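Worksheet: the structure to be examined is printed underneath.
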Amino acid sequence: MSESYSLPTEPEGIVASLLERFNSGKVSAMMTVYGPEAVLIAKDGRTVTDRTEIAAELERDLSLGLPLEAKARHVFVAGDIAQIVVDWSIDGTGPDGKHVHVEGTASDVARRGADGLWRYLIDNRLGTAVRQPA
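The sequence shown begins at 253 in our numbering and counts up one residue at a time.
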């Protein structure tokens with residue numbers, strides 16, 4: 253049976269949409285929340301635009317098999333563009349039996365499409381954090 257994940261009609265709904273997809277554990281579900289021109293900022297600060305590479309970055313996080321917790325701190329909207337500041341964390345026991353705890357404050361940008369639905373344009377999950385080389 254195929255699962256369907258709705259996209260938000262308001263920018264405030266993008267975090268709930270992301271959580272639903274991430275916690276499904278499916279990269280294909282995650283990719284639908286990213287617009288066609290989406291950019292993901294990798295942990296090492298690289299700007300990733302290739303959708304296959306974005307999916308690979310997301311797969312690394314999903315492979316932990318742990319839930320994402322996230323809460324929007326601020327949502328600022330100007331027409332069809334929104335900046336969303338999100339506090340997030342992933343915590344638990346990883347597949348190797350070791351404790352995993354990662355957290356951050358994302359500074360993301362979403363855009364409303366012609367269909368009225370909001371998708372990520374820029375996913376900067378580590379916000380202003382200083383990046384360490386991979």
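The C-beta atom is built at its ideal place from N, Cα and C for all residues, glycine as well.
Computed from a predicted model, the values in this text were never measured in an experiment.
In the three-state DSSP reduction, Ala294 falls in the coil class, being neither helix nor strand.
If you look at Ser269, you'll find it in the alpha helix (DSSP H) that goes 266-274. The C-beta distance from Lys323 to Val338 rounds to 7 Å, short enough to fall under 8 Å. The C-beta separation of Leu369 from Glu289 comes to about 15 Å, leaving the pair out of contact by the 8 Å criterion. For Thr304, there is no enclosing beta strand (DSSP E); the residue is found in the alpha helix (DSSP H) stretching over 303-314. In the three-state reduction of the DSSP assignment, Ala281 falls in the helix class, which pools H, G and I.
In this chain, the beta strand (DSSP E) harbouring Gly356 covers 351-364.
By the 16-neighbour rule on beta-carbons within 10 angstroms, Arg377 is buried. Contact between Arg303 and Met283 holds, with the beta-carbon distance rounding to 7 Å and staying under 8 Å.
Secondary structure at Pro263: helix, using DSSP grouped into helix, strand and coil. Excluding five sequence positions before and after Glu355, the CB atoms of its chain that fall closer than 6 Å to its own CB belong to Ser341, given in chain order. Linking Ala381 to Asp375 through their CA atoms gives a straight-line distance of about 14 Å. Nearest neighbour of Gly346 by Cα position, chosen from Leu320, Val329, Thr261, turns out to be Leu320.
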